[in-house]
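**Q** For the sequence shown, the residue numbers in the numbering used here are 975 to 1063. Cβ atoms here follow ideal geometry from the backbone N, Cα and C, with glycine treated the same way. So that we are looking at the same thing, I have put the structure below in structure tokens.
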Amino acid sequence: MTEALIAAGSAVVVGILSLIGVMITNSRSNSKMQSEMKTAQAVTEERIDELTREVREHNNFAHRIPVVEEKIKVINHRLDNLEKYHKPN
């Protein structure tokens, strides 16, 4: 009977030690995972900021193109008028 109690007691102690080991390993793994997630989140946010800057730059360019096209149209019209005026007979 005592041998059975000793065996059961040692099994309980081994189980508790194993549980403590698993809890420590799990805690460290969780901390490492959270650290990696924070790093990945920071990189993602930086990429989003860069893309936002590029989109704003592109939008500014897209707003200016019609203005440039209109100016070119006016310049071409004026050139046509000048060529007609100075055309030799």
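In angstroms, rounded to a whole number, what distance separates the CA positions of N1050 and V1042?
**A** About 12 angstroms.
**Q** Where does H1032 sit, in a helix, a strand or coil, going by DSSP?
**A** Of the three classes helix, strand and coil, the one that applies to H1032 here is helix, per DSSP.
**Q** Could you check the C-alpha separation between D1023 and R1030 for me, to the nearest Å?
**A** Approximately 11 angstroms between the Cα atoms of the pair.
**Q** Under a three-way DSSP split, which group does M962 fall into?
**A** Residue 962 lies beyond the stretch modelled for the chain, which goes from 975 to 1063, so this question has no answer here.
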